[in-house]
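One structure is given below, encoded as structure tokens.
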Amino acid sequence: MNKKTVINNLGKILFVEAVFMLIPALVALFYGEYKDALYFSGTILGTILISLLFTRVKGSSLNPRDGYVIVTSAWITISLIGAIPLYLTGCFPSYISALFEIISGFTTTGASVMPEPGVLGHGMQFFRCFSHWIGGMGVLVFVLMLLPMENDSSMHLIRAEVPGPTAGKLVPRMKNTSRILYGIYTVMTLTLVVILKILGMPWYDAFCYSFGTAGTGGFGICADGLAIYNSHAIEIAIGIGMLCFGVNFNIYYMILLGKVKDALKNEELRVYFGIILFAVVTVCANTMRVIGSFSDALRLSFFQVSSIMTTTGFSTADFASWPQYSQHLLALLMIIGACAGSTAGGFKVSRVIILWKSFISEIKRAINPKQMMPIRVNGSVVENKALQSAKVYCAVYFIIICLSVLLLSVNGYSFTTNVTAVLACFNNIGPGLDMVGPTLNYSIYSMPAQLLLSLLMLTGRLEIFPIFCLFAKSAHDRL
255 MNKKTVINNL
265 GKILFVEAVF
275 MLIPALVALF
285 YGEYKDALYF
295 SGTILGTILI
305 SLLFTRVKGS
315 SLNPRDGYVI
325 VTSAWITISL
335 IGAIPLYLTG
345 CFPSYISALF
355 EIISGFTTTG
365 ASVMPEPGVL
375 GHGMQFFRCF
385 SHWIGGMGVL
395 VFVLMLLPME
405 NDSSMHLIRA
415 EVPGPTAGKL
425 VPRMKNTSRI
435 LYGIYTVMTL
445 TLVVILKILG
455 MPWYDAFCYS
465 FGTAGTGGFG
475 ICADGLAIYN
485 SHAIEIAIGI
495 GMLCFGVNFN
505 IYYMILLGKV
515 KDALKNEELR
525 VYFGIILFAV
535 VTVCANTMRV
545 IGSFSDALRL
555 SFFQVSSIMT
565 TTGFSTADFA
575 SWPQYSQHLL
585 ALLMIIGACA
595 GSTAGGFKVS
605 RVIILWKSFI
615 SEIKRAINPK
625 QMMPIRVNGS
635 VVENKALQSA
645 KVYCAVYFII
655 ICLSVLLLSV
665 NGYSFTTNVT
675 AVLACFNNIG
685 PGLDMVGPTL
695 NYSIYSMPAQ
705 LLLSLLMLTG
715 RLEIFPIFCL
725 FAKSAHDRL
């Protein structure tokens, strides 16, 4: 590992974080929240100072392990710094709780330890929601868009940060790819802001909820969440928005190039919407007696399925009180997640497709050992490397879940509470069931438990391997 290269790139990333934090600082000033503005200012100045010191260290080109180490170190560092202004407000019982909150923000999880988010000022609330937007596309993608870097080096960073079994370039130069991604991301976000404003939201609220929808996070700005607006149109708009941001952004680029038919033929996209359609229909049928009417059942089912499938975590109903089938199906959707290359978390639909086709291939091979059974996705043969990676990811994924539930059980809460808390944090969703349901929060857990859940959020957002590569001495040889 090239330590100087890692430090140099960390300095660049911290400077970008300082620039991002300037926006909520200005919001705090606009609303006359001078103490909060001061907290932001002190944190920004300290971050810039560290950034200047780090960027003075000159490094060389990146290798694969450096990419993983930089990405993991960056996410940990920006979280440690981002927690400072939140903690200084005095609204959190400890720095660990503030750290949990901001990691939940950056990883677009939306799990909170705050019973009443409204106690925070406008600037701090904006920062919480804005952290979803920053983490949704990835802070390093933004860095690559701005700063000069060798194409091979930038690819190592993209591969470590972008979710999914594979990471590729939309265009030959990685900087242009980053600009295209952020361009699409920004336009879609601003479009949703305007739609929510037209539907009756104040500008401030529209920005906050658009950040959460775009980043597929789930922070609300008050305890009542979206229910405070009492608007079915707003719920539907955000529901559709969540589904759109759960789509692989490569699809949108194909549409921009006029390849609409090719985009619609994408196998992952069709399976993604197929799962959503099945879930909405069956949950609606299962909850209709509880909710009371078909239209309300359909609307609430659509919103909650969209929210859970895209790992956003917004809620317009207490789905923890729904029938067991609906609860179990939503828990399954927590695991599956949305598309690779989107802002959503979870296992990813593309991995589910690869593993399912691998399972079918193994059955056919058992029947006819001599027959060659290549696995194809979108007409292309899946490379052995991608197939092996998906299998290993699946195994490690469930091992981590089992061990985490075991560790969390020390707190003494119910099996449903602990299992769904782990699933919700590891898959970057937010609300779980029982004592961490959509109307409750994670303040019940001790500080060690909050640290464990914070680590799960980071591990899930970075898709496991970067976290382990940070501590693996022989990782460079294996990569």
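Add 254 to a position in the sequence shown, counting from 1, and you land on the number used in the numbering used here. All C-beta atoms in this analysis are idealised placements derived from N, C-alpha and C, irrespective of residue type, glycine included.
If you draw a straight line from the C-alpha of residue 507 to the C-alpha of residue 518, how long is it?
Within the sequence shown, the letter at position 253 stands for residue 507. Within the sequence shown, the letter at position 264 stands for residue 518. When rounded, the distance between both Cα atoms is 12 angstroms.
Assign residue 310 to one of three DSSP states: helix, strand, or coil.
Indexing the sequence shown from 1 puts residue 310 at position 56. Looking at residue 310 - three-state DSSP - the assignment turns out to be coil, as it is neither helix nor strand.
State the DSSP-derived secondary structure class of residue 717, mapped to helix, strand or coil.
Here residue 717 refers to the residue found at position 463 when the sequence shown is read from its first residue. Of the three classes helix, strand and coil, the one that applies to residue 717 here is coil, per DSSP.
For residue 631, does the three-state DSSP call read helix, strand or coil?
The residue labelled residue 631 in the question sits at position 377 within the sequence shown. Three-state DSSP puts residue 631 in a strand.
Taking 9 angstroms as the threshold (C-beta atoms), are residue 655 and residue 636 in contact?
Looking up residue 636 in the sequence shown gives position 382. Looking up residue 655 in the sequence shown gives position 401. It is not a contact, given that the beta carbons lie outside the stated cut-off.
Would the stretch 346-364 and the stretch 258-271 be scored as touching if the rule is three or more Cβ pairs under 8 angstroms?
At 8 angstroms Cβ cutoff, the stretches do not touch.
Would you call the CB atoms of residue 481 and residue 684 closer than 9 angstroms?
Along the sequence shown, read from residue 1 onward, the residue named residue 481 stands at position 227. Along the sequence shown, read from residue 1 onward, the residue named residue 684 stands at position 430. Not a contact, by the Cβ cut-off of 9 angstroms.
CA-CA distance, residue 593 and residue 497?
Working through the sequence shown from its first residue, we reach residue 593 at position 339. Working through the sequence shown from its first residue, we reach residue 497 at position 243. When rounded, the distance between both Cα atoms is 10 angstroms.
Exposed or buried, what is residue 614 when buried is set at 16 or more other beta-carbons lying within 10 Å of its beta-carbon?
By 1-based counting over the sequence shown, the position of residue 614 is 360. Result: exposed.
By how many angstroms is the C-alpha of residue 311 removed from the C-alpha of residue 350?
As a working mapping, residue 350 is identified with position 96 in the sequence shown. As a working mapping, residue 311 is identified with position 57 in the sequence shown. Roughly 31 angstroms between the two C-alpha positions.
Could you give the uninterrupted runs of the beta strand (DSSP E) lying entirely in the stretch 612-697, keeping only those of 3 residues or more?
Runs found: none.
Buried or exposed for residue 532, going by 16 or more other Cβ atoms inside 10 Å?
Along the sequence shown, one-based indexing puts residue 532 at 278. Under this definition residue 532 is an exposed residue.
State the Cα-Cα distance for the pair residue 689 and residue 606, rounded to the nearest angstrom.
By 1-based counting over the sequence shown, the position of residue 689 is 435. By 1-based counting over the sequence shown, the position of residue 606 is 352. Between residue 689 and residue 606, the C-alpha separation is close to 29 angstroms.
Judging by CA-CA distance, which residue of 557, 548 and 390 is the nearest neighbour of residue 438?
Translated into the one-based positions of the sequence shown, residue 438 becomes position 184. Out of 557, 548 and 390, 390 has the C-alpha closest to the C-alpha of residue 438.
Hey, out of 458, 344 and 270, whose CA is closest to residue 739's CA?
Look at the range of the chain in this structure, 255 to 733, and you will see that residue 739 is not part of it.
Are any of the Cβ atoms in chain B nearer than 9 angstroms to that of residue 714?
Going by chain labels, chain B is absent from the structure shown, which holds only one protein chain.
Can you tell me whether DSSP reads residue 602 as helix, strand or coil?
Numbered from its first residue, the sequence shown carries residue 602 at position 348. Residue 602 falls in the coil class under three-state DSSP.
Could you pull out every residue in the same chain whose Cβ sits closer than 6 angstroms to the Cβ of residue 370, ignoring the five residues on either side in sequence?
Residue mapping note: residue 370 aligns to position 116 of the sequence shown, counting from 1. So the qualifying residues of the chain are 477.
Rounded to whole angstroms, how far is the Cβ of residue 329 from the Cβ of residue 716, which I believe are closer than 8 angstroms?
Here residue 329 corresponds to residue number 75 of the sequence shown, with the count starting at 1. Here residue 716 corresponds to residue number 462 of the sequence shown, with the count starting at 1. Contact flag correct, Cβ pair sits at about 6 angstroms.
May I ask you to verify whether the stretch 486-505 touches the stretch 551-563, counting CB pairs closer than 8 angstroms and requiring at least 3?
Short answer: they touch.
By Cβ distance, which residues of its chain are closer than 7 angstroms to residue 571, with the 5 residues on each side in sequence left out?
Translated into the one-based positions of the sequence shown, residue 571 becomes position 317. 554 and 558, listed in sequence order.
Under a three-way DSSP split, which group does residue 572 fall into?
Within the sequence shown, numbered from 1, the residue matching residue 572 stands at position 318. Here residue 572 sits in coil by DSSP.
Does the Cβ-Cβ distance between residue 576 and residue 541 come in under 9 angstroms?
One-based indexing of the sequence shown puts residue 576 at position 322. One-based indexing of the sequence shown puts residue 541 at position 287. Contact: yes.
Quick one: what does DSSP say residue 710 is sitting in, helix, strand or coil?
Counting from one through the sequence shown, the residue named residue 710 turns up at place 456. It is helical.
Buried or exposed for residue 484, please, with buried defined as at least 16 other CB atoms from any protein chain shown within 10 angstroms of its CB.
Counted from its first residue, the sequence shown places residue 484 at position 230. It is exposed - the Cβ of residue 484 has fewer than 16 other Cβ atoms within 10 Å.
Under 8 angstroms, with one C-beta from each stretch per pair, do the stretch 373-388 and the stretch 267-282 reach the 3-pair mark?
Contact between the stretch 373-388 and the stretch 267-282 is present, because at least three Cβ pairs lie under 8 angstroms.
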